[in-house]
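Chemist: Have a look at the structure that comes next, please.
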């Protein structure tokens with residue numbers, strides 16, 4: 001568990017390191033990142049990209065991200081690197097199932113995902129993703145990014161959008177040095 005914020009060196013470029021993916025030398029990654037960003041702007045209640053980036057840098061996103069990074073990504077990326085797999089070796093759970101589990105956890109107030117420092121012994125990759133979504137949504141409901149009435153109507157859509165935020169953050173952290181290519 002990570003009770004303290006992680007140093008900026010462990011954050012994606014859009015979260016405290018100054019600059020962002022578009023300034024990266026990898027134009028393919030920048031293009032994918034900007035396409036993903038446009039999708040997120042459609043899913044989230046932001047009208048401008050600058051507001052989205054402010055939100056990414058806020059404690060309402062950094063808190064859940066720092067925890068996810070410290071408790072899941074860093075240990076898994078070390079194991080994946082040792083096995084020679086790289087970031088692709090880090091499992092990514094099924095989006096609909098994970099979003100549904102997060103919605104159910106919030107609706108039923110499951111302590112497993114809602115307590116301040118849960119015991120994560122034996123947690124699956126999906127559990128870590130659910131925890132990120134649950135804390136992101138719960139924290140942002142406190143600042144009225146989403147309202148309780150909106151959650152009751154569109155909880156699954158909000159959970160799916162939160163899942164996409166996590167995938168976006170992971171994508172900006174791990175740029176594949178040798179992406180798949182096609183040759184004739």
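Residue numbers (full-length UniProt numbering): 1 to 184. Cβ coordinates follow ideal geometry from the N, Cα and C atoms, glycine included.
1. In chain order, what residues of the same chain lie with their CB nearer than 8 Å to the CB of residue 137, ignoring the 5 residues before and after it?
2. Here's a check: name, in chain order, each residue in its chain whose Cβ is nearer than 6 Å to the Cβ of residue 165, leaving out the five neighbours to either side.
3. Does DSSP put residue 150 in a helix, in a strand, or in coil?
4. Apart from the five residues just before and just after residue 143, which ones in its own chain have a Cβ nearer than 7 Å to its Cβ?
5. Please classify residue 117 as buried or exposed, where buried requires at least 16 neighbouring CB atoms within 10 angstroms.
6. With distances taken Cα to Cα, identify the nearest neighbour of residue 132 among 119, 148, 96 and 114.
7. Check residue 163 in the structure and name its three-state DSSP category.
8. Do you know how far the Cα of residue 78 is from the Cα of residue 156?
9. So, are the CB atoms of residue 52 and residue 41 less than 8 Å apart?
10. Run the CB neighbour count on residue 127, radius 10 Å, all protein chains shown included, and call it buried at 16 or more, exposed below.
11. In terms of residues, what are the limits of the alpha helix (DSSP H) holding residue 110?
12. What separation, rounded to the nearest whole angstrom, lies between the Cα atoms of residue 62 and residue 139?
13. In or out: residue 67 buried (at least 16 other Cβ within 10 Å) or exposed?
14. Go to residue 68, then tell me how far its alpha helix (DSSP H) extends in each direction, as first and last residue.
15. Please determine, among 100, 167, 141 and 172, the residue with the shortest C-alpha to C-alpha distance to residue 45.
16. Could you compute how far the alpha carbon of residue 93 sits from the alpha carbon of residue 125?
17. Suppose you measure from the CA of residue 122 to the CA of residue 112; what does that come to, to the nearest Å?
Modeler: In terms of the structure at hand:
1. 102, 106, 146, 151, 158, 159 and 162, listed in sequence order.
2. So no residue of the chain qualifies.
3. Three-state DSSP puts residue 150 in a helix.
4. Spatial neighbours of residue 143 in its own chain (CB-CB distance under 7 Å, excluding positions within 5 residues in sequence) are listed in chain order as 60.
5. Exposed, by the Cβ-count rule.
6. Of the candidates 119, 148, 96 and 114, the residue whose Cα lies closest to the Cα of residue 132 is 114.
7. Correct three-state label for residue 163: helix.
8. Their backbone Cα atoms lie some 32 Å apart in a straight line.
9. Judged by beta-carbon spacing, residue 41 lies within the 8 Å limit of residue 52, meaning their Cβ atoms are closer than that value.
10. Its Cβ being crowded by 16 or more others within 10 Å, residue 127 is buried.
11. Per DSSP, residue 110 belongs to no alpha helix (DSSP H) and is neither H nor E.
12. The straight-line gap from Cα to Cα measures roughly 11 Å.
13. Burial is judged here by how many other beta carbons sit within 10 angstroms of a residue's own beta carbon; residue 67 has at least 16 and is buried.
14. Its alpha helix (DSSP H) spans residues 59-68.
15. With distances taken between Cα atoms, residue 45 lies closest to 141.
16. Going from the Cα of residue 93 to the Cα of residue 125 covers about 7 Å.
17. Going from the Cα of residue 122 to the Cα of residue 112 covers about 12 Å.
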